[in-house]
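The sequence shown: position 98 = 98 (UniProt numbering), numbered continuously.
For glycine and all other residues, C-beta sits at the position ideal for the given N, C-alpha and C.
Values in this document were obtained by computation on a predicted structure and should not be read as measured data.
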Amino acid sequence: MDTPEDLIHRFYTAFQNKDYRTMQACYADEASFNDPAFRNLSGYEAGAMWEMLIHRGSDTTIEYELIKADDNEAIVRWTARYSFGPKKRPVVNRIQATIKVKDGKIIAHTDTFPFYAWARQALGISGWLLGWTPYVKKKVQKGALSSLARFIAKKNE
């Protein structure tokens, strides 16, 4: 069984290598995932989300730094660089992950990042003007969950 530190390195190395299957295997079935765009995902949904993001983000690169790891929790700072949306706007997203671990698997994963900073890059002028509003955040969340639902449905056809 992996130590939490080993698990984190396996997860983020797989991410760097665009190996979503290994990333999925790091999650417990009952795991949860949250970030400003994807809320309240199950372990299966989180795995599908990473698969979707890897398929769509052919130019995505990530760097990570393990800040802390103990028997139950890890803190990771990571940076994702990618093009977003049909206009391929460049995004550099600096994220902090809090990952809870049990029996060598991720049971809770929460990524936090400044949504407005992300929106200014990803959404262009509308992100600059309105990215700080709850309306835009909810619209992004709804779109993210809708995209994930379509991806899962197509995958399960």
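Please give the ranges of any beta strand (DSSP E) in the stretch 100-125, keeping only runs that are unbroken, at least 3 residues long and fully inside the region.
Entirely contained in the stretch 100-125, the beta strand (DSSP E) runs reaching 3 residues are, in chain order, 105-112.
Pull up the distance between the alpha-carbon of residue 142 and that of residue 47, whole angstroms please.
If you take the alpha carbons of residue 142 and residue 47, they lie about 18 Å apart.
Label residue 37 either buried or exposed according to how many other C-beta atoms from any shown protein chain fall within 10 Å of its C-beta, with 16 as the threshold for buried.
Residue 37 is buried by the Cβ-count criterion.
Give the DSSP-derived three-state secondary structure of residue 157 in the structure shown.
Reduced to three states, the DSSP call for residue 157 is coil.
Of the choices 122, 33, 146 and 152, whose alpha-carbon is the least far from that of residue 90?
Of 122, 33, 146 and 152, the residue nearest in Cα terms is 122.
In the DSSP assignment, what are the bridge partners of residue 95?
According to DSSP, residue 95 bridges with 78.
Expressed to the nearest angstrom, what Euclidean distance is found between the alpha-carbon atoms of residue 17 and residue 137?
Taking the straight line joining both Cα atoms gives about 30 Å.
How big is the Cα-Cα spacing for residue 162 and residue 59?
This structure gives no information on residue 162, because the portion of the chain shown stretches from 1 to 157.
Using C-beta distances below 7 Å, list every residue in its chain close to residue 43, excluding the 5 sequence neighbours before and after it, in chain order.
If we look at residue 43 and ignore the five residues flanking it on each side, its Cβ neighbours are 27, 28, 29, 30 and 31.
Helix, strand or coil, according to DSSP, for residue 84 in the structure here?
The answer is strand: DSSP assigns residue 84 an E or B state.
Once the 5 residues before and after residue 72 are set aside, which same chain residues still bring their CB inside 8 Å of it?
The answer, listed in chain order, is 4, 100, 101 and 102.
Which of helix, strand or coil does DSSP assign to residue 6?
Of the three classes helix, strand and coil, the one that applies to residue 6 here is helix, per DSSP.
So for residue 28, helix, strand or coil by DSSP?
Residue state, collapsed to three classes: strand.
Along the chain, where does the beta strand (DSSP E) containing residue 69 start, and where does it finish?
Looking at the DSSP string, the run of the beta strand (DSSP E) that includes residue 69 is 61-69.
Which two residues bound the contiguous alpha helix (DSSP H) that contains residue 56?
Looking at the DSSP string, the run of the alpha helix (DSSP H) that includes residue 56 is 43-56.
Output the distance between the C-alpha atoms of residue 69 and residue 9, rounded to the nearest integer angstrom.
Taking the straight line joining both Cα atoms gives about 11 Å.
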